[in-house]
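Start counting the sequence shown at -19; every next residue gets the next number (the working numbering).
All residues carry an ideal CB built from backbone N, CA and C; glycine is no exception.
Here the structure comes first, spelled out in structure tokens, and everything after it is commentary.
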Amino acid sequence: MSLRVVRLGTPRHANEGLRIGTVRRPPRGVKKQDYAKRDYFDVWLPELAPSAPLVKYALSEPFTPKRWASYSKRYRAEMKKPAAERLLALLAALSRHTDFAIGCYCADESHCHRSLLKQLLVEHGAKAG
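So this is what it looks like as structure tokens:
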């Protein structure tokens, strides 16, 4: 059992399990009942998405190593809030018993919060696949 990191809206992997959307907003132009059918997500957890001001910062200009380091630090700080910490602990524990995937819309995983989220989950004891 383990967790996987995916891009929302892409075809599901074999044995991917439950797909969790960690984005601030649901997909535009997609009916709620079609989110899972169209490979977006089964469950939406916007509490694990970066805050609106942090998303605005991320989209304001291209990432440089310095900007990515700043973004990473700010996202990690947001994930230290009690509600986020509880969700991280829950998902880390679940990863040891079932398969699931966390995802976002970004094309480049290396400059997306989902890569940081995976690191945080592993730090909380998650089993990553």
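For residue i, name the three-state secondary structure that DSSP assigns.
i	result
valine 3	coil
arginine 66	helix
leucine 25	coil
alanine 108	strand
lysine 61	coil
valine 10	coil
alanine 73	helix
Taking 7 Å as the limit between beta carbons, can you name the residues of its chain near residue i, skipping five residues before and five after?
i	result
arginine -16	His(-7), Glu(-4), Ala81, Gly109
alanine 16	Asp22
histidine 104	Leu68, Ala69, Ala72
alanine 49	none
Please return the same chain residues whose Cβ sits closer than 8 Å to the Cβ of residue i, not counting the five positions on each side in sequence.
i	result
threonine 2	Leu25, Pro26, Leu28, Ala29, Ile82, Gly83, Cys84, His93, Arg94, Leu97
alanine -11	According to the sequence provided, residue -11 is glycine. The question's alanine does not apply to it. Result list for glycine -11: Pro7, Arg18, Asp19, Tyr20, Tyr85, in chain order.
glutamate 65	Met59
How is the beta strand (DSSP E) around residue i delimited, first residue to last?
i	result
alanine 81	80 to 84
valine -15	-17 to -13
The alpha helix (DSSP H) spanning residue i covers which residue range?
i	result
proline 45	45 to 58
arginine 94	93 to 103
proline 33	32 to 40
Name the DSSP bridge partner or partners of residue i?
i	result
leucine -2	Phe80
Considering only heavy atoms of the ligand NAD, does any lie closer than 7 Å to the CB of residue i?
i	result
leucine 96	Absence of the ligand NAD from the depicted structure is noted, as is the absence of any ligand whatsoever, leaving it without description.
Is the Cβ of residue i closer than 8 Å to any Cβ of chain D?
i	result
valine 3	Absent here is chain D; the protein component of the structure consists of one chain.
Using CA atoms only, rank isn't needed, just tell me which of the options is closest to residue i.
i	options	result
valine 35	His91, Val102, Gln99	His91
glutamate 58	Leu100, Thr78, Met(-19)	Leu100
tyrosine 51	His104, Asp88, Tyr37, Leu70	Tyr37
Looking only at its chain, what residues have a beta carbon closer than 6 Å to the beta carbon of residue i, apart from the 5 residues adjacent to it on each side?
i	result
cysteine 107	Strictly speaking, residue 107 in this sequence is lysine, with cysteine absent from that position. Cβ neighbours of lysine 107 beyond the five flanking positions: Ser(-18), Ser75, Arg76.
arginine 54	Leu34
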